[in-house]
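Undergrad:
There are 2 protein chains.
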Amino acid sequence: MIQLSNPRINKTFEALFALEDIREVFRQSLPTGLSSAEEQALKGKLAEIRKYLDEIEADGVGNGARQKYTGKIGSLDVRTREEEYINIHPIQAAGRLTPEARKAIIAYGDGYSTCDYCRKPFRLDKITKPGIQDFHGDLARWLNMDQARVVPGARRGFQAVASALVEKGDSVIVSALAHYTEFLAVEQAGGVVKEVPKNEQNLITADATAQKIEDVRRTTGKLPVLIMIDHFDYMFANEHDVYGIAKVAKQYGIPFLYNGAYTVGIAPVDGKKIGADFVVGSGHKSMASVAPSGVLATTDEFAAKVFRTTQMVGDVTNRKFGIKEVENMGCTLMGGTLLSMIASFPAVVKRSQPQNWEDEVRKSNYFLEQFRRVQGSNVLSEWPRKHTLTKVDTTGSYNKVAETHKRRGYFFNDELTAKGIIGEFAGATKTWKLNTYGLSWEKTKYLSEAFLDIARKYDLPIN
Amino acid sequence: MIQLSNPRINKTFEALFALEDIREVFRQSLPTGLSSAEEQALKGKLAEIRKYLDEIEADGVGNGARQKYTGKIGSLDVRTREEEYINIHPIQAAGRLTPEARKAIIAYGDGYSTCDYCRKPFRLDKITKPGIQDFHGDLARWLNMDQARVVPGARRGFQAVASALVEKGDSVIVSALAHYTEFLAVEQAGGVVKEVPKNEQNLITADATAQKIEDVRRTTGKLPVLIMIDHFDYMFANEHDVYGIAKVAKQYGIPFLYNGAYTVGIAPVDGKKIGADFVVGSGHKSMASVAPSGVLATTDEFAAKVFRTTQMVGDVTNRKFGIKEVENMGCTLMGGTLLSMIASFPAVVKRSQPQNWEDEVRKSNYFLEQFRRVQGSNVLSEWPRKHTLTKVDTTGSYNKVAETHKRRGYFFNDELTAKGIIGEFAGATKTWKLNTYGLSWEKTKYLSEAFLDIARKYDLPIN
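So the protein lines, in turn, are chains A and B.
Heads up: the first sequence begins at 414 in the numbering used here, then just goes up one per residue.
Heads up: the second sequence begins at 414 in the numbering used here, then just goes up one per residue.
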C-alpha cells in the first residue's frame, strides 16, 4: 500500500526547508550583507515559499485529498507521521516535541550551540546564557530532589549510578518487569541483577522486594547494593509500589533508584515523598525532547558519590580537570538535545500536574472501554488503567479476521492507516501495546470510533 | 554593548517559527482535516509569514541596518550567531549543521523518531527505514574499519573502550595533550592515565610513546592495556605521529585508540592505514551534527569485546536481551541526533576528502600569515599549520591596547563584533584559540583584513 500524504502538510515542510535554504544564504554571506548573486538566490527562495503558502491556503478546498509525497532530504524521506496521523506508538507519544522544542532546535541545532558563553568553571550545568544553570536547579526542585544533571537518556542515568555504587559481583535488585537498560547498567558495572517476582496481577510489591532482599542476603551472604524499580513498567505500564519499596530500601539501608522513564514529564513525581535516592527520567520518552536525553536527580548525600569530580592527575603534566564529573564524562548534552528539554520544560511541568495527568488517564480508560466493547478484545494491563500505555490482546477479535484475510495481520494496519491511525506494531494482531498520551478528547473519541468501525466492517460482535 | 541584529535574519527565524505553528495546527487536528477554527488559525499564520517574506524582500535596500531583536522561544533567546557573524570559535566550526541536517532535525526532532519501523532484532543499527543500518556500514567503510556504532559523543566512545579493556589499577597511555574526557574514561573504568611527554615542539612522538610504555612496565611491572592518542590535540591542534605510535602499539601488542575528534569529519581518516584498533570521532565537533553524537569504529577482533552483547539473565524470569550491546547501553542515538549525522554525511564525506581538507588548511595558513603581520601577534601551534584550529598569542599586540583601554580585553571583542566576527574568548587578549574551518576564501580574506584593520586603528605596527 503506497502511503498517500496530505499536500498541505508536505508544502509546509517544503516551505520550512526553503527557509533553511534562505538561512544558509545568510550563513554563507559576509557580515557586510548579501552579494547580488546571494540576493538573487534569496529572492528565488522567497518566491518558492510564497508559492507553497498559496498552495497551502488554496488546498483547504481539497481538504484531505492525499497525494504521493516525494519530498526528500538528501536520501531521507520526510517524516510527516505526527502531522498526518494519530500516533498510538507505545514509546513515542510523550516524546513528541512541543512547538517550543521544535523552534529551539531550529535555533540551536548546531553542534556546540550551548557553548557560546561557556566560562569558568567550564561545565555545562554552570552555563548561565542560555539559562542552563537555572534549568538544572528547576529540574531538581521540580522532582523535589537536591541536585539534577541532564544525561544522554535514562539508561545513562542508570549507568552512572550503577557504575558509582556497584562493585564486581554485587547484587542489584530490579523488577521482574525491569527495562533491559537496567540489566545492561548492572552488567556494565560488573554486578548481577536479582529480580523481584511479580505477583498474579503483574505487580511488584514491597513485601516481595523485602523477601528478595532476604533471599539475596541468604544466598550471597551480602545485601544488594542498589534497588532499581520502574514506577510504571515498560511491558504493562502497571503501577508498582515504589513508595512501599522505598521504605523497605530505607529499612535495609540500600539506595533506591526510582525509574521514572514512564512518569517524569507526564505524571507528578516527588522524589522526597517517594523516598527515592535517585530519580531517573527520559527526555525522549516522556519529556518532549530530542533523543538521547534524560535527567538524573539525587540527594546531596549521593551526589557526593555519583556526581563526584575527577581525581585523576596527569603524571607528567600534573593536569587536573577538577570540576568535571567522572560518571557523566564531563559535559553531557552540549547542544540541541538540551535546548529541546529546556524549551519543552514549561509545558512538561504543566502537563504533569495531577489534574492534567488524571485527564490523560481518563482518556486512556475511555478509549479502552470502547476498545473492550469489541468481543475478544482485552486489556492485559491492570484495570482500570492508571497510565496511558497499555498492553492489549486482540487474539479473540481482530486476529480472527487476520487468520483468513489475504493480508494476514497487516489488514489491521491497513484499516487503521486508512483511518489516519498509526503506531501499532504493524502485522501484530494478538498482543501488542499502544499509548494514548497527549491525544485530545476529540482524537480519543475518533480513535475509539475507528476501532469499533473496523470491528463492524468485519462483523465482529460488539457489546 | 547591546547586540544589534539583522532584521532579515530575524524575520527568517520568525517565519520558520510561524511555520512550526502551522505544523502544530496539523498535529492537533483530526486525520479527517482541519476544523474551521483550525483553518482560521492556519490562515492567520500564513498571513503572518507572508508579511515576514515581504519584509525580508524589502529589507534588501536597508542591507546591514541592524536593530534590536527581541524574538524569543519561551524564555530562550534565538541563536542567530551563525547567520549574522563569522564564527571563529575553536570547537564550534566543524559542528555547524549542514542545511540537510537542519532539515532532518525539523522532520525528525521528535523523541523516538528513528523507531517507526523498528523490527526484530530491535536494535538501532539494524533499522533499515530510515537507512540506519546502511549508514553504520557506510561509516565503517569510510573510516576503513570493520564495524562502527554511533555514540553520544566521542567521550562515550572512549568510555566504552576503556570500560571493556581496562581493569582496576591498569595503566592507560595518553598524551600530555590528551583531552580531559580521556582522563575521565580511564578514571571511570578504574584505570590510571600515564602521559607521554610532549617534546619541545609540543609534539607526541612514537619514540616518546615507546619510552613511556617501558617506564610503565618498569614501574608497575605490567604493560599498559590501552593507548589513546589524539591525532590533532585540543590545545594546539598539532599533528602527532599516530602512524608511528600505532606501530609501537602493535609491537607491544597494546590496543591503539585513534582519537579523531579533530579529524573524523573534516580530514581523511583511514583506520587500517593508521593501524588503529579503534577510531573515535565526534559528531557535534567535526561531523556537522547535533550534540551529543559521535562514532566508535573498530576491527572485528575488538568488536567482539567492545560491542559484546549482554550475557545477563534474569534469575526469576530467565529474560535475556541477547542482541543489546553492554558498553553502548543498547541503543544510543534514537532520534534527531542520529538523523542529523545521516543527513550531513554526504557533505561530511566530501569535505573531508584530501583536496578539500588541504584547501581548509591553506585558508588557515593564509589567515595566520596575515594575522602574524601585526607585530607581537604569534602562533603558538606548529607552523605552518596542518589544521584549522590554532592557538595564538596576542600578548605583544592587541593585549598592549587592552592594558590601557577602558574596556580592557573586551575592547578586542567589541572591535571584532562590530566587524561581524565572534567566537574568540571574550576578554582574552593574551593566548587564545580560533578556528577558521569552513570559512570561504572570501570570508577568510575578510577575517584577515579585519584583524589588520583593528591593528591599524590602534596604531599597532604591521609588517
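Idealized CB from N, CA, C, for every residue including glycine.
For the structure I just gave you, are there three or more beta carbon pairs, one from the region 531-549 of chain A and one from the region 686-693 of chain A, closer than 8 Å?
TA: Contact fails: fewer than three Cβ-Cβ distances are below 8 Å.
Undergrad: Of the residues that make up the region 736-755 of chain A, which ones have a beta carbon closer than 9 Å to any beta carbon in chain B?
TA: The region 736-755 of chain A vs chain B, Cβ under 9 Å: K737, E738, V739, E740, N741, M742, G743, C744, T745, L746, M747, G748, G749, T750, L751, L752, S753, I755.
Undergrad: Going by C-alpha distance, which of B:K516, B:L455, B:V787, B:W796 is nearest B:L752?
TA: When only C-alpha atoms are compared, the closest one is B:K516.
Undergrad: Looking only at its chain, what residues have a beta carbon closer than 6 Å to the beta carbon of B:S790, apart from the 5 residues adjacent to it on each side?
TA: The residues are F784, T807, S810.
Undergrad: Apply the 10 Å Cβ neighbour rule to B:I736 and answer buried if 16 or more other Cβ atoms are within range, or exposed otherwise.
TA: Its Cβ having fewer than 16 others within 10 Å, B:I736 is exposed.
Undergrad: When you compare the CB positions of B:V599 and A:M725, do they come within less than 8 Å of one another, or not?
TA: Cβ distance < 8 Å, so B:V599 and A:M725 count as in contact.
Undergrad: Using a Cβ cut-off of 7 Å, pull out every chain A residue sitting near B:I658, in sequence order please.
TA: Ordered by position in chain A, no residue passes the 7 Å Cβ test against B:I658, which lies about 16 Å from the chain.
Undergrad: Taking 8 Å as the threshold (beta carbon to beta carbon), is A:L432 in contact with chain B?
TA: Taking Cβ atoms only, chain B reaches closer than 8 Å to A:L432, which makes this a yes.
Undergrad: According to DSSP, B:I519 sits in a beta bridge with which residue or residues?
TA: Paired residues: none, contrary to the question.
Undergrad: Measure the CB-CB distance between A:I658 and A:I626 and report whether it falls below 8 Å.
TA: Result no, Cβ atoms of A:I658 and A:I626 do not sit closer than 8 Å.
Undergrad: Using only the alpha-carbon positions, how far apart do B:M414 and B:K485 sit?
TA: Because the pLDDT at B:M414 is just 48, under 50, the model does not fix this residue reliably, and the value given afterwards should be weighed accordingly. The straight-line gap from Cα to Cα measures roughly 20 Å.
Undergrad: Can you tell me the Cα-Cα spacing of A:E740 and A:L639, whole angstroms?
TA: When rounded, the distance between both Cα atoms is 16 Å.
Undergrad: Compare the beta carbon distance of B:K813 and B:P503 with 8 Å and say whether it is the shorter of the two.
TA: Their beta carbons are not under 8 Å apart, which means B:K813 does not touch B:P503 by this criterion.
Undergrad: Consider the Cβ of A:M414: report whether some Cβ of chain B lies at a distance smaller than 8 Å.
TA: Confidence at A:M414 is low in this model, with a pLDDT of 48, below 50, so the placement of that residue is unreliable and no value is reported for it.
Undergrad: Pick helix, strand or coil for A:M414, following the three-state DSSP scheme.
TA: Here the model assigns A:M414 a pLDDT of 48, short of 50, so the residue's position is not dependable and the matter cannot be decided.
Undergrad: By how many angstroms is the C-alpha of A:S765 removed from the C-alpha of A:R421?
TA: Taking the straight line from one Cα to the other gives about 32 Å.
Undergrad: Span of the beta strand (DSSP E) holding A:R554?
TA: Here A:R554 belongs to no beta strand (DSSP E); instead the alpha helix (DSSP H) covers 545-555.
Undergrad: Ignore the nearest five residues each way along the sequence and tell me which others in B:V606's own chain have a CB closer than 6 Å to its CB.
TA: Correct list, in chain order: V585, V587, F596, V599.
Undergrad: With three or more C-beta pairs closer than 8 Å as the rule, is the region 765-783 of chain B touching the region 558-570 of chain B?
TA: Short answer: they don't touch.
Undergrad: Does B:N612 pass the burial test, meaning 16 or more other C-beta atoms within 10 Å, or should it be called exposed?
TA: Under this definition B:N612 is an exposed residue.
Undergrad: I want to see whether chain A comes within less than 8 Å of B:K481, judged by CB atoms only; does it?
TA: Cβ-Cβ to chain A under 8 Å: no for B:K481.
Undergrad: For the region 703-725 of chain A, which residues have a beta carbon sitting closer than 9 Å to at least one beta carbon of chain E?
TA: Here chain E cannot be found, since the structure's protein chains are A and B.
Undergrad: Between the C-alpha atoms of B:G604 and A:S861, what's the straight-line distance to the nearest angstrom?
TA: Spanning the two alpha carbons is a distance of roughly 57 Å.
Undergrad: If distances are taken between C-alpha atoms only, which option among B:S794, B:E470, B:R494, B:A520 comes closest to A:K424?
TA: It is B:A520.
Undergrad: Under 8 Å between the Cβ atoms of B:V385 and B:M700?
TA: Since the first residue shown for chain B is 414 and the last is 876, residue 385 of chain B is missing from the structure and cannot be characterised.
Undergrad: Report buried or exposed for B:W770, applying the criterion of at least 16 other Cβ atoms within 10 angstroms of its Cβ.
TA: That one is buried.
Undergrad: Could you tell me whether the region 431-438 of chain B touches the region 836-843 of chain A, using the rule of 3 or more Cβ pairs below 8 Å?
TA: The answer is no - the region 836-843 of chain A does not touch the region 431-438 of chain B, with fewer than three Cβ pairs under 8 Å.
Undergrad: So the candidates are A:A589, A:D646, A:K458; which of them puts its Cα closest to the Cα of B:D467?
TA: That would be A:K458, whose Cα lies nearest to the Cα of B:D467.
Undergrad: May I have the straight-line CA-CA distance separating B:I617 from B:D654, to the nearest angstrom?
TA: For B:I617 and B:D654, the distance between alpha carbons rounds to 7 Å.
Undergrad: Quick one: list the residues of chain B neighbouring A:P512, beta-carbon separation under 7 Å, in chain order.
TA: The contacting residues are E433, D434, E437.
Undergrad: Using DSSP with H/G/I as helix, E/B as strand and the rest coil, what is B:W770?
TA: In this structure, B:W770 counts as helix in the three-state DSSP scheme.
Undergrad: State the start and end residues of the unbroken beta strand (DSSP E) segment that holds A:N848.
TA: From DSSP, the beta strand (DSSP E) with A:N848 extends over 844-848.
Undergrad: If we count the other Cβ atoms within 10 Å of its Cβ and call it buried at 16 or more, is B:Q505 buried or exposed?
TA: Buried: at least 16 other Cβ atoms inside 10 Å.
Undergrad: What are the boundary residues of the beta strand (DSSP E) that includes A:S695?
TA: Taken as a continuous stretch (DSSP letters only), the beta strand (DSSP E) holding A:S695 covers 691-695.
Undergrad: Measuring straight from C-alpha to C-alpha, what distance separates B:T511 and B:F758?
TA: So the two alpha carbons sit approximately 9 Å from each other.
Undergrad: Would you verify that the beta carbon of A:Y498 is, or is not, closer than 8 Å to some beta carbon of chain B?
TA: At least one chain B Cβ lies under 8 Å of A:Y498.
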